[in-house]
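Take 60 as the starting number for the sequence shown in our numbering and just add one per residue.
The beta carbon of each residue, even a glycine, is placed where N, CA and C say it ideally should be.
Below is one structure, written out as structure tokens; comments come after it.
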Amino acid sequence: MTVIRGQEGTPARVWSTNDIVANMMTAGSFLSCLQISNNLSEISDAGSESVKAALLNLGSSDGTINGRLIDIKIFNDNGVYVKSEGTRKVIVEIVGAGGGSNSISADSASTGGSQPGYNGQYNKSIFNSTDVPGSVNVTIGNGGSPGNAGGQSSFGSLVTVAGGFSGATGISSAGSFISGSAYRYTGLVNTSAGTVLASSNGDAQSPQVMQVTAGTATGFIAYPSQFPGGTFGRGADGRYAGAGMNVAGLSGNKGCCIVYELA
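Right, dumping it as structure tokens:
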């Protein structure tokens with residue numbers, strides 16, 4: 060007698076008198092026991108307490124999914140931050156606007172230059188969600204116009220950063236000169252009510268424009284800001300005027316604020 064097993068493609072087996080025929084699980088019957096779709100749907104359907112219990116069984120300290128990024132909110136202009144549901148930590152990264160550079164004029168016998176504008180202050184801080192209101196007014200500083208400082212940026216009353224100063228007044232000469240002798244400032248506004256992760260600490264620097272002889276000068280390029288990418292909050296490049304030229308100053312770059320929400 061030949062026994063065909065399971066009709067699943069398993070090989071036939073020859074059976075003789077007194078042989079034991081076992082009714083065992085086959086590949087097909089095993090596959091039918093497996094759940095191959097919607098593996099977590101029954102937990103979700105059972106409600107929030109079941110989800111919490113499952114997460115606790117997986118090692119969550121409080122039955123929630125901790126540490127994941129919920130959202131990133133970017134402010135290039137004034138606006139209102141609204142906290143997302145489930146947010147446990149808030150990281151605020153913000154920069155003030157850059158200062159402008161001054162115009163420069165040179166007579167026919169001289170050349171001249173003006174110092175780049177200073178970068179806006181930078182701050183990156185983390186807060187517990189309970190310390191951040193449900194909505195926060197965000198102010199973004201505008202870049203300083205030629206010869207003027209950049210605007211202050213703020214995240215409510217929690218973080219405030221100053222804009223950068225304008226570069227030094229331009230100088231023209233047939234010989235050597237330095238524009239921007241006070242190339243470093245300290246004590247600028249840079250405050251946070253949270254835990255500071257990174258900061259420019261109220262300090263600001265800008266290159267000095269230095270000319271050795273007429274037509275030979277350096278130092279016109281502004282430093283990148285500390286904000287990611289180095290563009291937002293950057294001061295304006297300095298200006299150079301050849302003999303007999305009038306060159307207008309440039310405006311600094313506006314500030315920016317990025318808010319990271321974490322579960």
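Going by beta carbons, F186 and G253 fall inside the 9 angstroms limit. By the neighbour-count criterion, in which a residue is buried when 16 or more other Cβ atoms sit within 10 angstroms of its Cβ, P287 is exposed. Between the stretch 298–314 and the stretch 192–207, the count of Cβ pairs shorter than 8 angstroms is three or higher; the stretches touch.
Annotation for N137: T198, I199 place their beta carbon closer than 6 angstroms to its own, counting only its chain and skipping 5 residues before and after. Rounded to the nearest whole angstrom, the C-alpha separation of G234 and V318 is 50 angstroms. For M269, same chain residues with a beta-carbon under 7 angstroms away, outside a window of 5 residues either side, are I237, A276, T277, G278 in chain order.
For N182, the enclosing beta strand (DSSP E) begins and ends at 181–187. Counting the other Cβ atoms within 10 Å of the Cβ of I102 gives fewer than 16, which makes it exposed.
Contact between the stretch 117–135 and the stretch 256–273 is absent: fewer than three C-beta pairs spanning the two stretches fall below 8 angstroms. G301 sits exposed, since fewer than 16 C-beta atoms from the chains shown fall within 10 Å of its C-beta. For L256, no alpha helix (DSSP H) segment is defined; the enclosing uninterrupted segment is the beta strand (DSSP E) at 254–258. Beta-bridge analysis with DSSP links R298 to S173. DSSP places K111 in the uninterrupted alpha helix (DSSP H) bounded by 107–116. Here the C-alpha atom of P192 lies approximately 8 angstroms from the C-alpha atom of K142. In this structure, the straight-line span from the alpha carbon of A156 to that of G179 is close to 5 angstroms. Between G303 and S167 the beta-carbon gap is near 4 angstroms, inside 8 angstroms, which marks them as a contact. Where I102 is concerned, there is no enclosing beta strand (DSSP E), although the alpha helix (DSSP H) around it starts and stops at 100–104. By the C-beta density criterion, D190 is exposed, having fewer than 16 other C-beta atoms within 10 angstroms. A residue is called buried when at least 16 other Cβ atoms come within 10 angstroms of its Cβ; A112 does not meet this threshold and is exposed. The closest CA to that of L321, considering only T146, S284, L117, A307, is found on T146.
Taking every protein chain shown into account, the CB of S119 has fewer than 16 other CB atoms within 10 angstroms, so this residue is exposed.
The DSSP-derived three-state label of D190 is helix. Per DSSP, T146 is not a residue of any beta strand (DSSP E), being assigned neither H nor E. Per DSSP, the beta-bridge partners of N305 are S164.
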